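Peer 1: One structure, pasted below without further comment.
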């Protein structure tokens, strides 16, 4: 046992035989090899046919096809009824991650069930990777028996398959067809087959890895090209998640982003049907995504759903069969800052595909993520420049409305009021009064429009947008209002509610600027059962007609959401505007 084949020497007499083998389809080649092996009397011819078969079948095959053919050739050349290749799990674990069989029907494989667990004679070869030949499996002291529905087997030949010094797996052959047991020559042939197979497998794995690297590069180019076009941010992130999942072979992927660690949220998910909106408010600060950002480097997690006490996106998505995962920060993190990564790309595998997570080249995935993060930042910079152009236009329009249109209307109103004293007809005076009131209403509407023109769209969360509105009001008030937030305002507010809050706040502050003559203003926004906006000033109060006119719009926005809006005197002086809507 364990003998290696004699060194081969090719002579001119065998050149024709070898040429006949090359170029033939695999099935024809295997049939020819078997026929000639059966009839061969020259052992050198037998070896040469074997090696030519290996070289031919390994050319241009995927790793899965190659492994399947190795099993078929091993069983055929050794004359075994059953053949199998058990591929060992990566990381030195004592278990099989793949078991390829030949000779068992699909029905028999289904009845047998799970992969072998590495007990008995199979485990003996895992622990001691040396050729093993037995006339009767069940007679060996390590025999563990067969599972239910497994066909009986007797003679056995096992040979390890190595890639360099590392054992890739083991070939298992059982039940010699033309004899009671396997021979020395059978063992020599399978040992030689295993040696050649190790080289072919290594080449196939290298080719597969090169192809995978190429796909990563292609994906980087595709995403960068998309970002330079008109594609929006969410669609881009979805493209990143989709491509990363496809290339890595992951079952599920998702991307978590946020301006700070406290405000991480799931943006997109790939590989499972779930409404991402349901995940927007998931608390992820203590998640593995948050940890990956803190580490600033790719992380491998054995059980991503159970990590960080269930605070990961995987736990929120509730994929109970998800096991290992890889998390890659989208961009580098500067240790001097709390957080400056764009986000985290997460890849996860179901438990039955757990070993595939070990095949991910973290360096390549990290390079992909850094390139994607750079492209996203460039796209964000371009969007910000475009947004600033829009804001500049809005500011110009707002100034024109305020400095030109409103002033002209004010002058017209003053002239009409001056003409009231000259009007002798009561009907004419009534019409002039109505015209002055209409001009006042128009001026209020224009002032409201000026405020809304300056309101940011999609520029951060509700707290930052409310802060912007208050800061703009401070320019007209000549002092900055006090601003208070309480409760989970960011998490509980929706974009639609935020839009209403900003409109109501703008109207309330506009009235305060024009009518209250206040020296102090306090704005508070709280989130509990309701979202409550309160604007309080210490001014002289707002005229009743102004209150009723401005309140109508604010009340309508509240009532549409099942809320309410009130304007009441403050103590000891001033006005309090309170606007509240229930939160679902």
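Residue numbers (the numbering used here): 1 to 584. A virtual CB, placed ideally from N, CA and C, is assigned to each residue, including glycine. Note that the structure is predicted; figures quoted are calculated from it, not measured.
For residue 433, collect the residues of the same chain with a Cβ closer than 8 Å to its Cβ; drop the 5 residues on either side in sequence, then sort them by chain order.
Peer 2: Here residue 433 is taken as the residue at index 433 of the chain shown, counted from 1. Same-chain partners within the cutoff: 420.
Peer 1: What residues are listed by DSSP as bridge partners for residue 527?
Peer 2: Counting from one through the chain shown, the residue named residue 527 turns up at place 527. Paired residues: 531.
Peer 1: Among 529, 506 and 465, whose alpha-carbon lies nearest the alpha-carbon of residue 488?
Peer 2: Here the question's residue 488 lines up with position 488 in the chain shown. Cα-wise, what sits closest to residue 488 is 529.
Peer 1: Would residue 417 pass as a contact of residue 436 if the rule is Cβ separation under 8 Å?
Peer 2: Counting from one through the chain shown, the residue named residue 417 turns up at place 417. Counting from one through the chain shown, the residue named residue 436 turns up at place 436. Their beta carbons are under 8 Å apart, which means residue 417 touches residue 436 by this criterion.
Peer 1: Of the residues 523, 273, 291 and 122, which one's Cα is nearest the Cα of residue 256?
Peer 2: Translated into the one-based positions of the chain shown, residue 256 becomes position 256. Nearest option by C-alpha distance: 291.
Peer 1: Does residue 494 come out as helix, strand or coil in the three-state DSSP assignment?
Peer 2: One-based indexing of the chain shown puts residue 494 at position 494. Looking at residue 494 - three-state DSSP - the assignment turns out to be coil, as it is neither helix nor strand.
Peer 1: Using the C-alpha atoms, what's the distance from residue 360 back to residue 248?
Peer 2: On the chain shown, residue 248 is found 248 positions in, with the first residue counted as 1. On the chain shown, residue 360 is found 360 positions in, with the first residue counted as 1. About 6 Å.
Peer 1: Look up residue 485 in the DSSP assignment and say whether it is helix, strand or coil.
Peer 2: Residue mapping note: residue 485 aligns to position 485 of the chain shown, counting from 1. It is a strand residue.
Peer 1: Can you name the residues that DSSP bridges to residue 328?
Peer 2: Taking the chain shown and counting its residues from 1, one reaches residue 328 at position 328. Beta-bridge pairing links residue 328 to 345.
Peer 1: Does the structure place the segment 563–573 close enough to the segment 522–540 that three or more beta carbon pairs sit under 8 Å?
Peer 2: Yes, since at least three Cβ pairs between the segment 522–540 and the segment 563–573 fall closer than 8 Å, the two stretches touch.
Peer 1: Considering just the uninterrupted stretch of the beta strand (DSSP E) at residue 104, what are its terminal residues?
Peer 2: Sequence index remark: in the chain shown, residue 104 carries index 104 (1-based). Unbroken run through residue 104: none, as it is neither H nor E.
Peer 1: Within the same chain, show all residues whose beta-carbon is closer than 7 Å to that of residue 205, passing over the 5 residues directly before and after it, in chain order.
Peer 2: The residue labelled residue 205 in the question sits at position 205 within the chain shown. 63.
Peer 1: Among 217, 299 and 582, whose alpha-carbon lies nearest the alpha-carbon of residue 493?
Peer 2: As a first step, residue 493 must be located in the chain shown, where it is residue number 493. Of 217, 299 and 582, the residue nearest in Cα terms is 582.
Peer 1: I'd like to confirm the pairing. Which residues does DSSP put opposite residue 179 in its beta bridges?
Peer 2: Your numbering for residue 179 matches position 179 in the chain shown. None; residue 179 has no bridge partner.
Peer 1: Are residue 84 and residue 70 close, meaning C-beta to C-beta below 8 Å?
Peer 2: Position 84 of the chain shown, counted from the first residue, corresponds to residue 84. Position 70 of the chain shown, counted from the first residue, corresponds to residue 70. Cβ atoms of residue 84 and residue 70: not closer than 8 Å.
Peer 1: Excluding sequence positions up to five away, which residues of its chain have a Cβ less than 6 Å from the Cβ of residue 208?
Peer 2: Counting from one through the chain shown, the residue named residue 208 turns up at place 208. Closer than 6 Å at the Cβ level, and outside the excluded window around residue 208, lie 63.
Peer 1: Using the Cα positions of residue 236 and residue 223, report the straight-line distance between them to the nearest angstrom.
Peer 2: Position 236 of the chain shown, counting from 1, holds the residue named residue 236. Position 223 of the chain shown, counting from 1, holds the residue named residue 223. Cα to Cα, residue 236 sits roughly 7 Å from residue 223.
Peer 1: Taking the alpha-carbon positions, what's the residue 215 to residue 354 distance?
Peer 2: Here residue 215 refers to the residue found at position 215 of the chain shown. Here residue 354 refers to the residue found at position 354 of the chain shown. If you take the alpha carbons of residue 215 and residue 354, they lie about 22 Å apart.
Peer 1: Please tell me whether, using a cut-off of 7 Å, the distance from the CB of residue 559 to the nearest non-hydrogen atom of the ligand FMN is below it.
Peer 2: Looking at this structure, you won't find the ligand FMN or any other ligand, since it has none at all.
Peer 1: Quick one: using the 10 Å Cβ neighbour count with 16 as the cut-off for buried, is residue 234 buried or exposed?
Peer 2: Working through the chain shown from its first residue, we reach residue 234 at position 234. The residue is exposed, with fewer than 16 neighbouring Cβ atoms inside 10 Å.
Peer 1: Counting along the chain, where does the beta strand (DSSP E) carrying residue 476 start and finish?
Peer 2: The residue given as residue 476 occupies position 476 in the chain shown. Not the beta strand (DSSP E): residue 476 falls in the alpha helix (DSSP H), residues 462–477.
Peer 1: Could you check which residue in 504, 523, 514 and 516 has the C-alpha nearest to that of residue 565?
Peer 2: By one-based count along the chain shown, residue 565 stands at place 565. Among 504, 523, 514 and 516, the Cα nearest to that of residue 565 is on 504.
Peer 1: How would you label residue 365, buried or exposed, when you count the other beta carbons within 10 angstroms and need 16 or more for buried?
Peer 2: Position 365 of the chain shown, counted from the first residue, corresponds to residue 365. It counts as buried.
Peer 1: Quick check on the DSSP output: the beta strand (DSSP E) that includes residue 162 runs from which residue to which?
Peer 2: The residue labelled residue 162 in the question sits at position 162 within the chain shown. Residue 162 -> beta strand (DSSP E) spans 156–163.
Peer 1: Who are residue 166's beta bridge partners in DSSP?
Peer 2: Residue mapping note: residue 166 aligns to position 166 of the chain shown, counting from 1. According to DSSP, residue 166 bridges with 163.
Peer 1: Alpha carbon to alpha carbon, how far is residue 580 from residue 412?
Peer 2: The residue given as residue 580 occupies position 580 in the chain shown. The residue given as residue 412 occupies position 412 in the chain shown. Cα to Cα, the separation comes out at about 38 Å.
Peer 1: How about residue 328 and residue 304: do their beta carbons lie closer than 8 Å?
Peer 2: Within the chain shown, numbered from 1, the residue matching residue 328 stands at position 328. Within the chain shown, numbered from 1, the residue matching residue 304 stands at position 304. Against a cut-off of 8 Å, the Cβ pair of residue 304 and residue 328 comes out as no contact.
Peer 1: If I follow the unbroken alpha helix (DSSP H) through residue 71, where does it start and stop?
Peer 2: Reading the chain shown from its first residue, position 71 is the one you call residue 71. First-last of the alpha helix (DSSP H) with residue 71: 63–78.
Peer 1: Candidates 551, 321 and 461: which alpha carbon is nearest residue 495's?
Peer 2: Position 495 of the chain shown, counted from the first residue, corresponds to residue 495. Comparing Cα-Cα distances from residue 495 to each of 551, 321 and 461, the minimum goes to 461.
Peer 1: Is residue 609 helix, strand or coil when you go by DSSP?
Peer 2: With the chain covering 1 to 584 only, the question about residue 609 has no answer from this structure.
Peer 1: Looking only at C-alpha atoms, which of 438, 479 and 396 sits nearest to residue 414?
Peer 2: Along the chain shown, one-based indexing puts residue 414 at 414. Ranking the options by Cα distance to residue 414, first place goes to 438.
Peer 1: Give me the Cα-Cα distance between residue 140 and residue 133, rounded to the nearest whole angstrom.
Peer 2: In the chain shown, the residue the question calls residue 140 occupies position 140. In the chain shown, the residue the question calls residue 133 occupies position 133. Each residue's alpha carbon lies about 11 Å from the other.
Peer 1: So the alpha helix (DSSP H) residue 247 belongs to, where does it begin and stop?
Peer 2: Within the chain shown, numbered from 1, the residue matching residue 247 stands at position 247. Counting along the chain, the alpha helix (DSSP H) containing residue 247 begins and ends at 233–248.
Peer 1: Between residue 557 and residue 297, what straight-line distance do the alpha-carbon atoms span, to the nearest angstrom?
Peer 2: The residue you call residue 557 lines up with position 557 of the chain shown. The residue you call residue 297 lines up with position 297 of the chain shown. One C-alpha to the other measures close to 47 Å.
Peer 1: Among 201, 424, 185 and 373, whose alpha-carbon lies nearest the alpha-carbon of residue 344?
Peer 2: Sequence index remark: in the chain shown, residue 344 carries index 344 (1-based). Among 201, 424, 185 and 373, the Cα nearest to that of residue 344 belongs to 373.
Peer 1: Which residue marks the beginning of the beta strand (DSSP E) containing residue 228, and which one marks its end?
Peer 2: The residue you call residue 228 lines up with position 228 of the chain shown. From DSSP, residue 228 is part of no beta strand (DSSP E); its letter is neither H nor E.
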